[in-house]
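**Q** Mapping to our numbering: the sequence shown position 13 is 13, numbers consecutive. Idealized CB from N, CA, C, for every residue including glycine. Note that this is a predicted model, so its numbers are computed, not measured. I have a structure here, written as structure tokens, and I will follow up with some questions on it.
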Amino acid sequence: PVLDAAVRSAMARAREIGATSIAFPALGTGVGGFPLEEAARITVAAVRDELAASPAITHVVFALRGSAAYQAFSAALQPAVETTPGSPA
Numbered sequence: 001p002v003l004d005a006a007v008r009s010a011m012a013r014a015r016e017i018g019a020t021s022i023a024f025p026a027l028g029t030g031v032g033g034f035p036l037e038e039a040a041r042i043t044v045a046a047v048r049d050e051l052a053a054s055p056a057i058t059h060v061v062f063a064l065r066g067s068a069a070y071q072a073f074s075a076a077l078q079p080a081v082e083t084t085p086g087s088p089a
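Here it is in structure tokens:
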């Protein structure tokens, strides 16, 4: 829940300041040793949930290092993209 809370807090702060974009690294996966796949799943789910309350945020960046992080976030994003209204089939 700490990672989820951190992402939600960042999204809330972005709303407060009127941000239209936000970027997230793979939080906790470096020195913290949190598993990439789990971090990706939690981060993507929290961002997706928070976007419903954040209409001004139109651009989310996942700033990642390395192919393992890219693959983990790509896999976590796939279900979100497939179920987003208006996304290509």
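1) How many angstroms separate the CA atom of Phe-34 from the CA atom of Gly-28?
2) Please state whether DSSP places Phe-34 in a helix, a strand or coil.
3) Determine the closest residue to Val-2 out of Gln-78, Ala-69, Ala-39, Tyr-70, with distance taken between C-alpha atoms.
4) With distances taken between CB atoms, is the gap from Glu-37 to Ala-72 smaller than 8 Å?
5) Using the C-alpha atoms, what's the distance from Val-44 back to Ala-75?
6) Please say whether Ser-54 and Ala-10 have beta carbons closer to each other than 8 Å?
7) For Ile-17, which of Gly-66, Ile-57, Ala-6, Val-47 has the nearest alpha-carbon?
**A** By the coordinates alone:
1) For this step, residue 34 is matched to residue 34 along the sequence shown. For this step, residue 28 is matched to residue 28 along the sequence shown. The straight-line gap from Cα to Cα measures roughly 5 Å.
2) As a position in the sequence shown, residue 34 is number 34, starting the count at 1. Coil.
3) Translated into the one-based positions of the sequence shown, residue 2 becomes position 2. Comparing alpha carbon positions, the residue from Gln-78, Ala-69, Ala-39, Tyr-70 closest to Val-2 is Ala-39.
4) Looking up residue 37 in the sequence shown gives position 37. Looking up residue 72 in the sequence shown gives position 72. The Cβ atoms of Glu-37 and Ala-72 sit closer than 8 Å to each other.
5) For this step, residue 75 is matched to residue 75 along the sequence shown. For this step, residue 44 is matched to residue 44 along the sequence shown. A straight-line Cα-Cα distance of about 10 Å links Ala-75 and Val-44.
6) Within the sequence shown, numbered from 1, the residue matching residue 10 stands at position 10. Within the sequence shown, numbered from 1, the residue matching residue 54 stands at position 54. In this structure, Ala-10 lies away from Ser-54, with their beta-carbon atoms at least 8 Å apart.
7) The residue labelled residue 17 in the question sits at position 17 within the sequence shown. Considering only alpha carbons, the answer is Ile-57.
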